[in-house]
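Working notes for the structure below.
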Amino acid sequence: MSAQDRFDAKSDQVTGKIKETAGDATDNEQWQAEGRGEQVKGGLKDAAADVKDAAGKAADAVKDAFKK
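Under full-length UniProt numbering, the first residue of the sequence shown is numbered 1, with each subsequent residue one higher.
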């Protein structure tokens with residue numbers, strides 16, 4: 001996955017944490033929930049990037065095995 005995709009995932013996580021913290025400070029349940037949601041979204045994007053990277057490495061390993 002591209003560096004931009006990883007940046008976007010981390011950005012969602014950080015934005016979510018900020019929003020959740022602001023919600024905690026102001027007792028705003030909506031901000032708290034939105035913040036937690038954005039953190040989960042960022043985590044899922046990051047996990048998807050890990051899976052995509054692993055799949056690419058596995059495909060490369062299979063290609064290399066058949067070249068021999």
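By construction, the Cβ of each residue, glycine as well, lies at the ideal position given by its N, Cα and C atoms.
None of these values were measured; they are calculated from a predicted model.
Which of helix, strand or coil DSSP assigns to residue i
i: Ser11; result: helix
Among the options, nearest to residue i - alpha-carbon criterion
i: Asp8; options: Asn28, Ala54, Glu20, Val40; result: Val40
C-beta contact flag for residue i and residue j at 9 Å
i: Gln13; j: Asp46; result: yes
i: Glu29; j: Lys19; result: no
i: Gly42; j: Ser11; result: yes
Same chain, Cβ closer than 6 Å to residue i, five either side skipped, listed in chain order
i: Thr15; result: Glu38
Cβ shell of residue i (< 8 Å), same chain only, five flanking positions each side left out
i: Gly23; result: Glu29, Gln30, Trp31, Gln32, Ala33, Glu34, Gly35
Contacts around residue i, its chain only, beta-carbon distance under 7 Å, and the 5 residues preceding and following it disregarded
i: Ala48; result: none
inquiry  = Extract the residue ranges of the beta strand (DSSP E) inside the UniProt domain "CsbD-like" (5-55), only unbroken runs of 3 or more that lie entirely within it.
reply    = DSSP assignment within the UniProt domain "CsbD-like" (5-55) yields no whole beta strand (DSSP E) run of 3 residues or more.
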